[in-house]
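**Student:**
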Amino acid sequence: MAIREVLKMGDPRLLAVADPVDAAGTPELERLLTDMHDTMRHLNGAGLAAPQIGVGLRVVIFGFEQNPRYPAAEDVPFTVLINPKLTPLGEGLVDGWEGCLSVPGMRGLVPRYRQLRYTGIGADGAAIDRIVGDFHARVVQHEVDHLDGILYPRRIRDLTQFGFNDALFPGQVLVDD
Ligand code: NI
Numbered sequence: 001m002a003i004r005e006v007l008k009m010g011d012p013r014l015l016a017v018a019d020p021v022d023a024a025g026t027p028e029l030e031r032l033l034t035d036m037h038d039t040m041r042h043l044n045g046a047g048l049a050a051p052q053i054g055v056g057l058r059v060v061i062f063g064f065e066q067n068p069r070y071p072a073a074e075d076v077p078f079t080v081l082i083n084p085k086l087t088p089l090g091e092g093l094v095d096g097w098e099g100c101l102s103v104p105g106m107r108g109l110v111p112r113y114r115q116l117r118y119t120g121i122g123a124d125g126a127a128i129d130r131i132v133g134d135f136h137a138r139v140v141q142h143e144v145d146h147l148d149g150i151l152y153p154r155r156i157r158d159l160t161q162f163g164f165n166d167a168l169f170p171g172q173v174l175v176d177d
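According to the working numbering, the stretch in the sequence shown is residues 1 to 177, in order.
#1: Any idea which residues DSSP pairs Leu109 with across the strands?
#2: Within 8 Å: the Cβ of Gly96 and any heavy atom of the ligand NI?
#3: Is the segment 122 to 132 touching the segment 36 to 53, taking contact as three or more C-beta pairs under 8 Å?
#4: What does a CB cutoff of less than 6 Å around Arg107 pick up in its chain, not counting 5 residues either side in sequence?
#5: Grab the span of the alpha helix (DSSP H) containing Gln115 for me, first residue to last.
#6: Could you tell me which uninterrupted alpha helix (DSSP H) segments, each at least 4 residues in length, are contained entirely in the segment 2 to 58, listed from first to last along the chain?
#7: Quick check: what's the CA-CA separation for Ala2 versus Val110?
#8: According to the neighbour-count rule (16 or more other Cβ atoms, all chains shown, within 10 Å of its Cβ), is Thr79 buried or exposed?
#9: Keeping to the same chain, check which residues put their C-beta closer than 7 Å to that of Ala24; ignore five residues upstream and five downstream.
#10: Just grab the DSSP bridge partners of Ile82 for me.
#11: Start and end of the alpha helix (DSSP H) containing Val139?
#12: Tell me whether Asp158 sits in a helix, a strand or coil according to DSSP, three-state version.
Right under this line is the structure:
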């Protein structure tokens with residue numbers, strides 16, 4: 001178990017485009033996934049991308065179990081997604097609040113496709129091909145953005161809808177991704 005430091009916005013490594021993974025199932029990839037999982041759980045995050053711990057590979061993990069403290073979000077199964085490709089389904093963008101472990105303590109209102117298909121491979125190299133919507137689709141878009149060096153504040157259309165958690169949502173406990 002290794003909890004890694006999560007890079008914060010301003011670190012140039014978060015702006016780099018990550019490289020594809022050549023081979024699944026290697027010991028190096030297993031170690032990376034273990035560290036990412038431990039780090040995400042430790043910080044109570046909903047997702048984490050490898051560049052956030054300083055590893056420039058196209059690897060994301062995400063997953064979220066229903067919790068009474070976060071009543072607005074539906075379950076998202078724990079997923080390891082390597083070399084992801086996203087295909088939006090429909091033109092519909094919906095605004096939703098996002099946070100990020102690399103932008104701690106803040107929230108912004110971000111437009112994302114409501115529904116999309118994502119493909120890639122899992123930790124064992126098996127193909128993943130899913131059609132998802134709503135919060136699940138949002139989390140995937142947020143994480144895959146990290147692989148292209150994009151942090152969610154760059155997606156905010158109205159910067160009046162960007163601020164600190166305790167000012168925006170007094171008394172609420174929020175999850176970051
Ligand atoms: Ni993030």
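A virtual CB, placed ideally from N, CA and C, is assigned to each residue, including glycine.
**Tutor:** In terms of the structure at hand:
#1: Beta-bridge pairing links Leu109 to Trp97.
#2: No, since every heavy atom of the ligand NI falls outside the 8 Å radius drawn around the Cβ of Gly96.
#3: Remark: fewer than three beta-carbon pairs, one from each stretch, lie closer than 8 Å, so the segment 122 to 132 and the segment 36 to 53 are not flagged as touching.
#4: Within the same chain, Arg107 has close Cβ partners Trp97, Gly99, Asn165 and Leu168.
#5: Following the DSSP letters along the chain, one finds Gln115 in no alpha helix (DSSP H) but inside the beta strand (DSSP E) bounded by residues Gln115 to Ile121.
#6: Contiguous alpha helix (DSSP H) elements confined to the segment 2 to 58 occur at 27 to 42, taking only those with 4 or more residues.
#7: Cα-Cα distance, rounded: 31 Å.
#8: With 16 or more other Cβ atoms inside 10 Å of its own Cβ, Thr79 counts as buried.
#9: Excluding positions up to five away in sequence, the list reads Ile82, Ile121, Ala123, Asp124 and Gly125.
#10: Paired residues: Val59 and Ile121.
#11: It spans Asp134 to Leu147 - the alpha helix (DSSP H) in which Val139 sits, taken as one unbroken run.
#12: Asp158 sits in coil when the DSSP states are folded into three classes, being neither helix nor strand.
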